[in-house]
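For reference, the structure is listed below as structure tokens.
Numbering (our numbering), first residue to last: 16 to 178.
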């Protein structure tokens, strides 16, 4: 579960800190209030393509940081824990929480971090795929994506450990 989100120098956002509660959280506001920019920032943190244009005018770097609580679903949590351990990214002192960060520089360079350690974009994407499933207006549900069918069936049947 996404617990905290901190966005700095991203598009029109100077500095924004959001804390989310348990259950459903909803972003509302008038047209042009910045809801889509917040979603774009989350997408960037989840592995979307970075562009120097995302850096706020007059700034050198945009930063997006988030703290996630480990998934409640035991099999997904075990899969995530194994991935973090395999990559040397686990935090034995605080295994329940995962800190993610991504910086995008005006030079086009970007840096991804998991629990304070630099990682490739692919590793970040592999981790966030187990933490978040974003659905937006007009997008296809992940249930309709064939690549997820076997994983969903295996998870439901308790067969993920046999993969």
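Just so it is clear, CB atoms sit at the ideal spot from N, CA and C, and this is done for glycine as well.
As the structure is a prediction and not an experimental result, all values here were calculated from the model.
Between the Cα of residue i and those of the options, spot the shortest distance and give me the residue it belongs to.
i: residue 99; options: 22, 144 and 26; result: 144
i: residue 121; options: 19, 33, 72 and 83; result: 72
i: residue 101; options: 68, 138, 116 and 131; result: 138
i: residue 27; options: 123, 117 and 48; result: 48
i: residue 1; options: 30, 177 and 141; result: In the structure as shown, the chain starts at 16 and stops at 178, and residue 1 therefore has no counterpart that could be examined.
i: residue 70; options: 61, 46, 25 and 135; result: 25
i: residue 136; options: 148, 61 and 107; result: 61
i: residue 175; options: 106, 97 and 46; result: 97
Taking DSSP's pairing of strands, which residues face residue i in a bridge?
i: residue 54; result: Note: residue 54 sits in no beta bridge, so no partner.
i: residue 32; result: 21
i: residue 174; result: Its beta-bridge partners do not exist; DSSP assigns none.
i: residue 130; result: According to DSSP, which records beta bridges pairwise, residue 130 is partnered with nothing at all.
i: residue 138; result: DSSP, once it has assigned bridges, lists no residue as partnering residue 138.
i: residue 82; result: 19 and 114
Is the beta carbon of residue i less than 8 Å from the beta carbon of residue j?
i: residue 125; j: residue 65; result: yes
i: residue 59; j: residue 129; result: no
i: residue 22; j: residue 56; result: yes
i: residue 167; j: residue 86; result: no
i: residue 20; j: residue 116; result: no
i: residue 132; j: residue 104; result: yes
Who are the near neighbours of residue i in its chain, counting only those whose CB is closer than 8 Å to its CB and skipping five residues on each side?
i: residue 44; result: 50
i: residue 173; result: 90
Residues in the same chain with beta-carbon distance under 7 Å from residue i, minus the five sequence neighbours each way, listed in chain order, please.
i: residue 84; result: 16, 18, 111 and 112
i: residue 3; result: Here the chain covers residues 16 to 178 and nothing more, so residue 3 does not appear.
Short of 6 Å in beta carbon distance, which residues of its chain neighbour residue i, apart from the five on each side in sequence? Order them along the chain.
i: residue 134; result: 127
i: residue 123; result: 67
With a threshold of 8 Å between beta carbons, is residue i in contact with chain B?
i: residue 159; result: Reference to chain B is not applicable here, since this structure consists of a single protein chain.
May I ask you to verify whether the stretch 72 to 82 touches the stretch 159 to 175, counting CB pairs closer than 8 Å and requiring at least 3?
no
Looking at C-beta atoms only, is the number of pairs between the stretch 89 to 96 and the stretch 32 to 40 that lie closer than 8 Å three or more? no
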